[in-house]
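J.:
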Amino acid sequence: MVMGEVPEEVDIAIVGGGVGGYTAAIRAAELGKSVVLIEKEKLGGHCLNYACIPSKTLIHISNIAYEAAHSEKFGINVENVSIDAKKMLEWRVGVSSRLEKGVAFLCKQNKIDVLKGSATFISRNRVQVTDGTEVIFKKAIIATGSEPSVLKGMEFNGNNIIDYKQALLLDRIPKSMAIIGAGYVSVEIGTLYAKLGSKVNIIARSDVLSKFDSEAVSIVKKHMLNLGIIIHTNANAKGYSDGKLTLDDGSVIEADILVVAVGLKPYTEGLEIENAGVALNDKGFIETGHELKTSNADIYAIGDVIGEPMLAHKAIRQGVVAAENASGLNSAYDNVVVPAVIFSDPEIAIAGSIQESDGIKLKKFPLSALGRGIALDSTDGFAKIAYDSDNTVMGIELVSPDANALIAECALAIEMGANLEDIADTIHPHPTFSESIEEAAEAALGRPINFFYG
Ligand SMILES: Cc1cc2nc3c(=O)[nH]c(=O)nc-3n(C[C@H](O)[C@H](O)[C@H](O)COP(=O)(O)OP(=O)(O)OC[C@H]3O[C@@H](n4cnc5c(N)ncnc54)[C@H](O)[C@@H]3O)c2cc1C
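The opening position of the sequence shown corresponds to residue 146 in our numbering, with each subsequent residue numbered one higher.
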């Protein structure tokens, strides 16, 4: 700020213009508040520019390329499928740029003041922005997201040791790629590059997707192996040089590119939140209570920076709740389920819990018994439903094409306290993968139609 310049006074200052932050800004503006949204990089944050949207754009493209080259069984013979990686990148960047502009448009229409710069808290109710503006706020919302964790000895060099952002910005298809880490990010990136023709190795400290249902993961692993992906289980990387990655068992892997995807950590760098009296927990996430309030009652925090699950749709919902609370409404983040989707091949999607335990039973319907599955040659997968002694649905897991969209029905069912009859008696359109959910509910009720359980 130039000496003597008057600080900007607003009802609500939002730090971070990612999916959580810009959603909060729009909701607060709708409620009639004056809003400043401070973003140091790109509106839309990681999700729109570097993570969710770019990865799903490239996964879609890789599926087209792969399907084109592997559709002989359907009577389609395509020879010499070639990939123009520069054009592919152009499309991927264009998608993010269009969405970023869309967010800027929405901010403008909602009269949100967008400040381009990095924000630092200088007191409990003031932030200094690197564009020179000082903002005095009545309420603030912190939505600064996360950043990739660094692996000691294999620090990112921007060249051949890269993070997920750079892996989704390559203008060439690497001949070989090794990925350290075995979460959904590794599986998605590994699968997409394998489909584009890279030789992919994944180094997993235990196994890929070890926190997910092993029955679902075994199907995804089978498909990864069919794509030629080598999964090194119970392995650790020891060193990387001259395009060669050495593992602790002495084996050496060729890798033009090494992607380190060992997790995300909260991003609070430069915020100096201690000046605002905002506390962190022992893992570095901002601590919040039920209303998403931090230890400073006038400051809320949302999204990745407050912890798991680090998912865009969680950040978006929290953005709405925090904006409503900061605007004087009484809103709670009390969702029963946060659905999760892995865009693997096939996709895995989960809503609620599918743990079998005392009083909780499971029923599974296989895609091999579904007309749509057979027609599309997508019979590896299932719908699994968990229910209690009152037949209340506790969780649903889908391993299936379209699982990304179908899981919303499952989340809605659980949020509304649906029971098995509600799902079984709802007419699901034929022939679709959604019928697998209905069939699983029917089977759980002891009245299966399209599968003989014996
Ligand atoms: C490869 C990958 C794929 C993913 N795919 C999915 C998916 O398919 N679906 C899903 O739900 N989730 C996905 N995620 C997770 C998702 O990206 C995050 O959960 C989501 O982006 C979190 O949103 P956010 O608003 O909390 O933070 P972000 O989107 O990270 O936004 C934070 C913003 O704050 C800004 N900022 C930080 N500090 C300051 C400061 N001091 N001043 C000003 N601005 C600041 C940053 O520049 C950034 O733009 C994926 C993650 C990865 C890594």
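Note that beta-carbon positions come from the ideal geometry of N, C-alpha and C, so glycine has one too.
For Ile221 versus Met322, is the C-beta distance shorter than 8 Å?
T.: No, the pair does not count as a contact, with Cβ atoms beyond the cut-off.
J.: Which stretch, first to last residue, makes up the alpha helix (DSSP H) that contains Leu551?
T.: Run containing Leu551: 548-560, per the alpha helix (DSSP H) assignment.
J.: Relative to the alpha-carbon of Val544, which residue among Ile487, Glu153, Ala556, Lys253 has its alpha-carbon at the smallest distance?
T.: Of Ile487, Glu153, Ala556, Lys253, the residue nearest in Cα terms is Ile487.
J.: Counting pairs of beta carbons, one from the stretch 412-430 and one from the stretch 461-481, are three or more of them closer than 8 Å?
T.: Segments in contact, no.
J.: Tyr598 by DSSP, collapsed to three states: which one?
T.: Looking at Tyr598 - three-state DSSP - the assignment turns out to be coil, as it is neither helix nor strand.
J.: Since Tyr309 is in the alpha helix (DSSP H), which residue starts that stretch and which ends it?
T.: From DSSP, the alpha helix (DSSP H) with Tyr309 extends over 309-312.
J.: Exposed or buried, what is Gly149 when buried is set at 16 or more other beta-carbons lying within 10 Å of its beta-carbon?
T.: Reliability of the predicted coordinates at Gly149 is poor, the pLDDT of 48 falling under 50, and the value obtained from them is presented with this limitation in mind. Gly149 should be labelled exposed.
J.: Between the C-alpha atoms of Met146 and Ile267, what's the straight-line distance to the nearest angstrom?
T.: Here Met146 scores only 48 on pLDDT, less than 50, and its place in the model should not be relied on; the value that follows carries that caveat. Cα to Cα, the separation comes out at about 13 Å.
J.: Excluding the five sequence neighbours on either side, which residues of its own chain have a C-beta within less than 6 Å of the C-beta of Ile495, listed in chain order?
T.: Same-chain partners within the cutoff: Ala485, Glu542.
J.: Beta carbon of Val423, beta carbon of Ser291: below 8 Å?
T.: Not a contact, by the Cβ cut-off of 8 Å.
J.: I need the DSSP call for Arg350, collapsed to helix, strand or coil.
T.: In the structure shown, Arg350 sits in coil (DSSP, three-state: anything other than H, G, I, E or B).
J.: Can you list, in chain order, the residues of its chain whose CB lies under 8 Å from that of Leu621, leaving out five sequence neighbours each side?
T.: Given that the chain is displayed from residue 146 to residue 599, the structure contains no residue 621 and the question cannot be resolved.
J.: Mind checking who Glu279 pairs with in its DSSP beta bridge?
T.: Partner(s): Gln273.
J.: Spatial neighbours of Gly303 within its chain, please: C-beta separation below 6 Å, excluding the five flanking residues on both sides.
T.: Around Gly303: no qualifying Cβ.
J.: Between Val397 and the rest of its own chain, which residues show a CB-CB distance below 8 Å, the 5 nearest in sequence each way excluded?
T.: Excluding sequence neighbours, Val397 sits near Lys389, Leu390, Thr391.
J.: Would you check whether ligand 1 has a heavy atom nearer than 7 Å to the C-beta of Ile197?
T.: Strictly speaking, residue 197 in this sequence is Cys, with Ile absent from that position. Answer for Cys197: yes, Cβ within range of ligand 1.
J.: So what does DSSP say about Tyr385, is it helix, strand or coil?
T.: Strand.
J.: In the DSSP output, what is Asp627 paired with across the bridge?
T.: With the chain represented from 146 up to 599, any question about residue 627 goes unanswered, as that position is not in the structure.
J.: Is it right to say Gln273 is buried, meaning 16 or more other beta carbons lie within 10 angstroms of its own, or is it exposed?
T.: Gln273 should be labelled buried.
J.: For Glu154, which residues of its own chain have a beta-carbon under 6 Å away from its beta-carbon, when the five flanking residues on both sides are left out?
T.: Cβ neighbours of Glu154 beyond the five flanking positions: Ile281.
J.: In chain order, what residues of the same chain have a beta carbon less than 6 Å from the beta carbon of Ser513, not counting five sequence neighbours either side?
T.: Only Thr524 meet the Cβ criterion.
J.: Taking the alpha carbon of Asp316 as the point to measure from, which residue in Lys232, Tyr385, Met561 has its own alpha carbon closest?
T.: That would be Lys232, whose Cα lies nearest to the Cα of Asp316.
J.: Hey, Ala349 and His368: beta-carbon distance below 8 Å or not?
T.: No, Cβ-Cβ distance for Ala349 and His368 is not below 8 Å.
J.: Should Asn194 go down as buried or exposed, given a rule of 16 or more other Cβ atoms within 10 Å for buried?
T.: Buried, by the Cβ-count rule.
J.: Along the chain, where does the alpha helix (DSSP H) containing Tyr329 start, and where does it finish?
T.: Note, Tyr329: alpha helix (DSSP H), 329-341.
J.: So for Met322, helix, strand or coil by DSSP?
T.: Residue state, collapsed to three classes: strand.
J.: Got a sec: does ligand 1 put a non-hydrogen atom nearer than 7 Å to the Cβ of Lys336?
T.: Sequence inspection shows Thr at residue 336; the Lys mentioned does not correspond to that position. Because no heavy atom of ligand 1 lies under 7 Å away, the Cβ of Thr336 does not count as near it: no.
J.: Could you spell out where the alpha helix (DSSP H) holding Glu580 opens and where it closes?
T.: Start and end: 580-589.
J.: With a threshold of 7 Å on Cβ separation, who are the neighbours of Ser407 within its own chain once the five nearest residues in sequence on each side are excluded?
T.: The residue asked about is misnamed: residue 407 is Val in this sequence, not Ser. For Val407, where only same-chain residues beyond five positions count, the Cβ hits under 7 Å are Ser294, Leu296, Ile325, Gly326.
J.: Does DSSP put Pro199 in a helix, a strand or coil?
T.: Note: Pro199 maps to helix in three-state DSSP.
J.: Is Phe510 helix, strand or coil by DSSP?
T.: If DSSP states are grouped into helix, strand and coil, Phe510 belongs with the strands.
J.: According to DSSP, is Val365 part of a helix, a strand, or is it coil?
T.: Residue state, collapsed to three classes: helix.
J.: Starting from the C-beta of Ala230, find all residues in its chain whose C-beta is less than 6 Å away, skip the five residues before and the five after it, and write them out in chain order.
T.: Cβ neighbours of Ala230 beyond the five flanking positions: Asp316, Arg317, Ile318.
J.: Determine the direct distance from the alpha carbon of Ile572 to that of Tyr385, and round the result to whole angstroms.
T.: Answer to the nearest angstrom: the Cα atoms are 55 Å apart.
J.: Take the Cβ of Ser227 as the centre, count every other Cβ of all protein chains shown within 10 Å, and call the residue buried at 16 or more, exposed below.
T.: Exposed, since its Cβ has fewer than 16 Cβ neighbours within 10 Å.
J.: Report the three-state DSSP secondary structure of Ser207 (helix, strand or coil).
T.: In the structure shown, Ser207 sits in a helix (DSSP, three-state: H, G or I).
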